[in-house]
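Heads up, the thing below is written out as C-alpha cells.
Residue numbers (my numbering), protein chains in the order written: chain A, 620 to 686; chain B, -13 to 228; chain C, 457 to 806.
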C-alpha cells in the first residue's frame, strides 16, 4: 500500500490535508509538537491510495509520499 | 516503493514564519518545484517583496535579491539587462505590485521586459496587520476599512492583471488559485509556463495567484480556501487573461 | 575620441563614467542635467552597456540597486527634486553595501524651485538624506576636467568600500564648457564575490539590507560605522591656497570655489593675506586640514561662502570647534554670491 510520512515538527496544524484526503485517513494528534501545535498524523488502520492530495495541499511541505 | 512526492531541492527544509494555512507556503513550494523541474536553480535570481514574504530568500535555495517596497520590477529590469542569461523573477504581494509599486509594474510591463512575475493576491496587507489592499473586496472588513470597503470612499478592487493585459508588450497574464489540489496543479502549470516564456525569450509573463490569509480574513484555513473559491474568484475570475 | 575636446560638465561626467567602466545607466530627464541621460543614450550602446530611461528618478535608483547587485558598475543622475526621490533607494544601496555612483547637478529649491544653480543639497548629500545611520562619499568638482577625474574616482571608491558615491555639482558646472584632455582611466578591478550571478558552483547568496534577528542589525551597523571611520581616515580631499600666512581663509566648494579662488588670487596680488580651503570631498569632510590649523595657528578668521543659506558652514564650525570665528556669506534660491559681495564681506570682517 502507498504510504506517506509527515514531518510533525514542521506541521502547523492547519488541517488542510485532513479536508482533502479522499479516504479520511488523516487526523489530529493529541500530543503537541515542539511548537506547541497539534500536528496531523496518518491514522493507524487507515488506507493510503497515493493520490498525493495531502502533500499537494500542505503549505509547509511536511508530507512525502511513496507508492 | 518509489517516492512519488518529495520536498523540492530549491526549497530549504526549514519551518517558515507563515501562519498555518497561509498561501505563501504553497506558492513558495510551487516556484521551487518549477525551478527544479526546469533545471534552472543555478541560473535563477528571485526578487523578494516587502510584505509577509519579505524573507522568501530564507526559504529558497537560490540567489535572491531584496527590493524596496514596490520596486521589485525596477530591480528585476536592471538585473535582467545586466545578466540576460539568468532567469529573473519577482514574487510580489498586492501592496508591492499594485499599490506602491504600480508605476514600476506598469512600466516594466510596458517595456516588455523578459521577466516572470509571481503576483500573490490575498486581498489584504498581512505583514502590517490586515489593512486594506488595492484588491480588497467591496464589503470586506480590514484594519483600515472597519465597516467594510466602500466604493465611494475606497474605490473598487483593482484588476491590475486586466489592466496590464492591455499593454501590447505584455506576453502572458494568467489568474490562478490555490483553493484546491486541482487548482494548485493549474497554478503550478501557469508558473511553469511563465518561467518557460522567459527561457524562450518570449517576454513579460505574469501569474496572479489568489491566495489565502486565514489570519486577517478571520477564517480557518479550509474556510479561507472556500472563500477564495466562492467569493474572491467571482470578483477576480480565474483563467488566461492574455 | 580626440585628445582634447570642448565639453560640458554634464557630458564630461557621463564620458568619465563610461571610461571608468560604467556599463549601466538609468535616469530620468530633469533640468539642468538632461545632457547626461542624452549622452548615455547614445554612448552606452557603443560600449555594449545598458541605458534605460526610467519611469521616474525613484525607479532609476532602484534599477541601479539591481544592476549593482548583479555586479555591474552602475550610475544614475538627477537634480535636486529628483535626488529627493532617490533618497529611499540610496539608503537601500548603503544598507545592502552595494557600490553605486549618483550624480546631483543641484538647482534652486525647495520644492520645484527653479533651474538656476545652487548648493542647497549639501545637507542631503552629506547627512544621508534617506533614513538610517549611513554615509555616502561625496565629491564636489569645481571644473569640467575635475568633474571627469572625480567621476572616475567615485566609481573606484564606491567599488573599494561598497557604498554609494555622490558627485555633487550644480547647474553652472553641468552646463559650462571647458577644454578637457580625455585621459584614459585605469580601472582597478575589485572582485565582487557577493554579486548575484546565479548559484552555479557555489552556495546561494542574497543581497539585502534586512536584519530582523535580535542584535543582528546593530552588529551590521557597527560594521558600517567601522567602514566610515576608515574612509574618514583615508579619503579626505581638499585643495588649499596661500594658507601659510593667511589671516582670513575663505572656504568654498564647487562653482563657488571657482569664484572664490580667482578672487583670492587677485586679492593676494593686492597684498591681502587671504587664503582658500576648497573641500573636494564633502564627505568625508577634510577635517584634518582644519584641525591642523587649529593646533598650529593663533589669529585666523574663516569666511564660508556658499550658494545656500549655510550648510557646509555647519561642518566648518563643527570641525573648528569654536577655536576660530567663522563668518558666512550665502545666497540661495538660484542666486550666486558675486565677487563684489565677497569683497564687501571681507572688508566687514576686518
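Beta carbons: idealized from backbone N, C-alpha and C, even for Gly.
Is it buried or exposed, residue i, if we count other Cβ atoms within 10 angstroms and call 16 or more buried?
| i | result |
| --- | --- |
| residue 83 (chain B) | buried |
| residue 191 (chain B) | buried |
| residue 114 (chain B) | exposed |
| residue 45 (chain B) | buried |
| residue 604 (chain C) | buried |
| residue 718 (chain C) | exposed |
| residue 624 (chain C) | buried |
| residue 23 (chain B) | exposed |
| residue 602 (chain C) | buried |
| residue 518 (chain C) | buried |
| residue 210 (chain B) | buried |
Return the CA-CA distance between residue i and residue j, expressed in angstroms with no decimal places.
| i | j | result |
| --- | --- | --- |
| residue 591 (chain C) | residue 686 (chain C) | 12 Å |
| residue 636 (chain C) | residue 598 (chain C) | 13 Å |
| residue 187 (chain B) | residue 159 (chain B) | 16 Å |
| residue -1 (chain B) | residue 551 (chain C) | 28 Å |
| residue 65 (chain B) | residue 100 (chain B) | 11 Å |
| residue -7 (chain B) | residue 474 (chain C) | 47 Å |
| residue 630 (chain C) | residue 532 (chain C) | 15 Å |
| residue 765 (chain C) | residue 702 (chain C) | 25 Å |
| residue 663 (chain A) | residue 198 (chain B) | 31 Å |
| residue 661 (chain A) | residue 644 (chain A) | 6 Å |
| residue 569 (chain C) | residue 803 (chain C) | 32 Å |
| residue 664 (chain C) | residue 486 (chain C) | 30 Å |
| residue 169 (chain B) | residue 679 (chain C) | 47 Å |
| residue 674 (chain C) | residue 646 (chain C) | 27 Å |
| residue 652 (chain A) | residue 500 (chain C) | 58 Å |
| residue 756 (chain C) | residue 771 (chain C) | 17 Å |
Assuming contact is defined by CB atoms lying nearer than 9 Å, are residue i and residue j in contact in what I supplied?
| i | j | result |
| --- | --- | --- |
| residue 13 (chain B) | residue 121 (chain B) | no |
| residue 633 (chain A) | residue 679 (chain A) | yes |
| residue 618 (chain C) | residue 553 (chain C) | yes |
| residue 559 (chain C) | residue 492 (chain C) | yes |
| residue 109 (chain B) | residue 143 (chain B) | yes |
| residue 666 (chain A) | residue 624 (chain A) | no |
| residue 52 (chain B) | residue 34 (chain B) | yes |
| residue 707 (chain C) | residue 641 (chain C) | no |
| residue 76 (chain B) | residue 54 (chain B) | no |
| residue 557 (chain C) | residue 529 (chain C) | yes |
| residue 105 (chain B) | residue 147 (chain B) | yes |
| residue 63 (chain B) | residue 571 (chain C) | no |
| residue 561 (chain C) | residue 524 (chain C) | no |
| residue 128 (chain B) | residue 118 (chain B) | yes |
| residue 81 (chain B) | residue 37 (chain B) | yes |
| residue 527 (chain C) | residue 644 (chain C) | no |
| residue 31 (chain B) | residue 69 (chain B) | yes |
| residue 229 (chain B) | residue 219 (chain B) | In the structure as shown, chain B begins at -13 and stops at 228. Residue 229 (chain B) is therefore absent and cannot be evaluated. |
Hey, is residue i close to the ligand HEM, as in C-beta under 8 Å from one of its heavy atoms?
| i | result |
| --- | --- |
| residue 155 (chain B) | Summarising the ligand content, the structure contains no ligands, and the ligand HEM is consequently not present. |
In chain order, which beta strand (DSSP E) runs of at least 3 residues are fully inside the region 186 to 227 of chain B?
-> You should have 190 to 196.
Check distances from the C-beta atoms of the region 503 to 528 of chain C to those of chain B and list, in chain order, the residues that come in under 9 Å.
-> Against chain B - using a Cβ distance shorter than 9 Å - the residues of the region 503 to 528 of chain C are 506, 508, 510, 511, 512, 514, 515, 516, 517, 518, 519, 520, 521, 522, 523, 524, 525, 526, 527, 528.
What residues in the region 655 to 681 of chain A bring their beta carbon closer than 7 Å to a beta carbon of chain B?
-> Result list: 669, 671, 672, 674, 675, 676, 678, 679, 680.
Note down, one range per segment and in chain order, each beta strand (DSSP E) of at least 3 residues found wholly within the region 38 to 68 of chain B.
-> For the beta strand (DSSP E) assignment, the uninterrupted runs of no fewer than 3 residues enclosed by the region 38 to 68 of chain B are, from N- to C-terminal side, 49 to 51.
At a Cβ cut of 7 Å, what residues of the region 27 to 40 of chain B count as close to chain A, listed as they run along the chain?
-> Against chain A - using a Cβ distance shorter than 7 Å - the region 27 to 40 of chain B contributes no residues.
Members of the region 477 to 489 of chain C that neighbour chain B once the beta carbon cut-off is set at 8 Å | For the region 477 to 489 of chain C, which is checked against every Cβ of chain B, the residues closer than 8 Å are 479, 480, 482.
Ranges of the alpha helix (DSSP H) found wholly within the region 79 to 153 of chain B, counting only runs of at least 4 | If we require 4 residues or more, the alpha helix (DSSP H) runs fully inside the region 79 to 153 of chain B come out as 80 to 84, 88 to 96, 137 to 140, 146 to 151.
Below 7 Å between beta carbons is the criterion; list the residues of the region 620 to 633 of chain A that meet it against any residue of chain B, in chain order.
-> Residues passing the 7 Å Cβ filter: 629, 631, 632, 633.
May I ask you to list, following chain order, the residues of the region 637 to 657 of chain A that have a beta carbon less than 9 Å from some beta carbon of chain B?
-> Within the region 637 to 657 of chain A, 637, 638, 639, 654, 656 place their CB atoms closer than 9 Å to a CB of chain B, listed in sequence order.
Start-end ranges of the alpha helix (DSSP H) lying completely within the region 601 to 679 of chain C, minimum 4 residues | Listed in chain order, the complete alpha helix (DSSP H) runs (minimum 4 residues) inside the region 601 to 679 of chain C are 627 to 631.
What are the uninterrupted segments assigned as alpha helix (DSSP H) that are 4 or more residues long and contained completely in the region 508 to 589 of chain C, given in chain order?
-> Secondary structure remark: continuous alpha helix (DSSP H) runs of at least 4 residues inside the region 508 to 589 of chain C, in chain order: 513 to 525, 536 to 551, 578 to 582.
Please name the residues in the region 7 to 18 of chain B whose beta-carbon is closer than 8 Å to at least one beta-carbon of chain A, in chain order.
-> Within the region 7 to 18 of chain B, the residues whose Cβ lies closer than 8 Å to any Cβ of chain A are, in chain order, 7, 8, 9, 10, 11, 12, 15.
Would you list, in chain order, the members of the region 195 to 208 of chain B that have their beta-carbon closer than 7 Å to a beta-carbon of chain A?
-> If the cut-off is 7 Å between Cβ atoms, the region 195 to 208 of chain B has 207, 208 near chain A.
Curious, which full-length beta strand (DSSP E) runs of at least 3 residues does the region 727 to 762 of chain C contain?
-> Uninterrupted beta strand (DSSP E) stretches at least 3 residues long and entirely within the region 727 to 762 of chain C occur at 730 to 735, 737 to 739, 757 to 762, given in chain order.
Against chain C: residues of the region 72 to 94 of chain B by CB proximity under 7 Å | Of all residues in the region 72 to 94 of chain B, the ones placed with a Cβ closer than 7 Å to any Cβ belonging to chain C are 72, 89, 90, 93, in chain order.
Cβ-based contacts, 9 Å cut-off: residues of the region 659 to 679 of chain C near chain B | Within the region 659 to 679 of chain C, the qualifying residues are 659, 660, 661, 662, 663, 664, 665, 666, 668.
Using a Cβ-Cβ cut-off of less than 9 Å, give me the residues of the region 207 to 224 of chain B that come near chain C, in sequence order.
-> Correct list: empty, as no residue qualifies.
Whole beta strand (DSSP E) runs in the region 653 to 683 of chain A with 3 or more residues, listed along the chain?
-> Entirely contained in the region 653 to 683 of chain A, the beta strand (DSSP E) runs reaching 3 residues are, in chain order, 659 to 661.
Using Cβ-Cβ distances below 9 Å, what residues of the region -13 to 4 of chain B are close to chain A?
-> Those residues of the region -13 to 4 of chain B that come within reach of chain A (Cβ to Cβ, closer than 9 Å) are -13, -12, -11, -10, -9, -8, -7, -6, -3, -1, 0, 1, 2, 4.
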